[in-house]
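Chemist: Could you have a look at this structure, given as structure tokens, before my questions?
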Amino acid sequence: RQSIPLTKQVEYYSTVYEDLVQQLGSATALDHLSKSLFAVVIGSNDILGYFKSGSDLPKKITQQQYVDLMVMTLKDVLKSVKYNEDLKSMLQGLKSELNDMDYSFVDTYTIFSSFIQSPSTYGFTEVKSACCGLGNLRAQVPCVPVAKYCSNRSDHVFWDLYHPTEAAAHLFVNAVFDGSQQFAMPMNVNQLIAA
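According to the working numbering, the stretch in the sequence shown is residues 424 to 618, in order.
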């Protein structure tokens with residue numbers, strides 16, 4: 424399995440930026456990028472990987488050391504996350520340093536917790552079992568061709584052990600783009616785009 428580290432992804436962005444400047448000119452490229460939206464979505468698979476049965480990470484570093492490493496890595500990248508509360512503080516501090524930086528912090532944990540704690544509000548009836556997978560709660564083995572599928576995908580929050588169903592993803596995107604400050608702060612993504 425291959426993944427591209429976040430620092431390498433930012434390096435790729437720098438290459439794209441240089442190409443844009445070369446093709447459009449500096450002023451046009453900057454104008455174009457000032458109207459662009461950059462989504463930094465990290466953490467869930469990394470955190471789940473730490474706790475995954477059979478992972479050797481807990482033998483190497485503590486949970487707190489792992490979280491600290493993730494936070495410091497993200498902070499360095501955002502400037503050249505202990506998550507949620509520390510990340511909010513870091514973004515507020517970065518905003519004061521970089522006055523022209525606007526952002527929207529999306530609290531994925533709170534959004535999905537609301538789906539799980541009040542499922543009927545969102546049209547869900549199953550918040551524990553995955554729709555596709557094998558084993559206990561269909562979450563011990565990922566969704567593979569021989570896995571069992573649920574009969575109604577729209578009433579489940581989780582598609583497999585890692586991902587939301589289409590219904591949950593749709594509600595998540597609505598919360599990201601149009602949600603209250605309970606879910607996206609200091610503004611939602613539509614407000615960010617309009618800023």
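Here a beta-carbon is modelled for each residue, glycine too, at the ideal position from N, C-alpha and C.
The model shown is predicted, which means the values in this text are computed figures rather than measured ones.
Suppose you measure from the CA of Ala618 to the CA of Asp523; what does that come to, to the nearest Å?
Modeler: Using only the alpha carbons, I get a separation of about 11 Å.
Chemist: From Thr544, Val564, Tyr545, pick the residue whose C-alpha is nearest to that of Ser552; which is it?
Modeler: When only C-alpha atoms are compared, the closest one is Val564.
Chemist: Could you give the C-beta distance for Val580 and Ala591, rounded to a whole number, given that I count them as a contact under 8 Å?
Modeler: At roughly 5 Å, the Cβ-Cβ gap stays under 8 Å, so Val580 and Ala591 are in contact.
Chemist: Return the CA-CA distance between Asn575 and Tyr436, expressed in angstroms with no decimal places.
Modeler: About 40 Å.
Chemist: Quick one: residues in its chain with C-beta nearer than 7 Å to the C-beta of Thr548, no 5 flanking neighbours on either side, listed in chain order?
Modeler: Hits under 7 Å: Pro542, Asp578.
Chemist: Would a C-beta distance cut-off of 8 Å place Phe528 and Lys511 closer than the cut-off?
Modeler: Yes, the pair counts as a contact, with Cβ atoms nearer than the cut-off.
Chemist: Looking only at C-alpha atoms, which of Tyr572, Gly546, Lys483, Val550 sits nearest to Gly558?
Modeler: Among Tyr572, Gly546, Lys483, Val550, the Cα nearest to that of Gly558 belongs to Tyr572.
Chemist: Excluding sequence positions up to five away, which residues of its chain have a Cβ less than 6 Å from the Cβ of Tyr506?
Modeler: Confidence is the limiting factor: at Tyr506 the pLDDT is only 49, short of 50, which leaves the residue's position unreliable, though a coordinate-based value still follows. Correct list: empty, nothing qualifies.
Chemist: When you compare each of Asp583, Ser519, Ala570 to Val550 by their alpha carbons, which one comes out closest?
Modeler: Comparing Cα positions, the closest option is Asp583.
Chemist: Please classify Val596 as buried or exposed, where buried requires at least 16 neighbouring CB atoms within 10 angstroms.
Modeler: Exposed, by the Cβ-count rule.
Chemist: Between Gly448 and Glu434, what straight-line distance do the alpha-carbon atoms span, to the nearest angstrom?
Modeler: Taking the straight line from one Cα to the other gives about 20 Å.
Chemist: Which word fits Thr451, buried or exposed, when buried means at least 16 other C-beta atoms lie within 10 angstroms of its C-beta?
Modeler: Counting Cβ neighbours within 10 Å, Thr451 comes out exposed, since fewer than 16 surround it.
Chemist: Along the chain, where does the alpha helix (DSSP H) that runs through Lys431 open and close?
Modeler: Lys431 -> alpha helix (DSSP H) spans 429-447.
Chemist: State the DSSP-derived secondary structure class of Ala592, mapped to helix, strand or coil.
Modeler: Here Ala592 sits in helix by DSSP.
Chemist: Grouping DSSP H, G and I as helix and E and B as strand, with all else coil, what is Tyr572?
Modeler: Note: Tyr572 maps to strand in three-state DSSP.
Chemist: Is the beta carbon of Tyr545 closer than 8 Å to that of Leu594?
Modeler: For Leu594 and Tyr545, yes; Cβs fall inside 8 Å.
Chemist: Return the CA-CA distance between Cys566 and Pro587, expressed in angstroms with no decimal places.
Modeler: Computed Cα separation, rounded: 12 Å.
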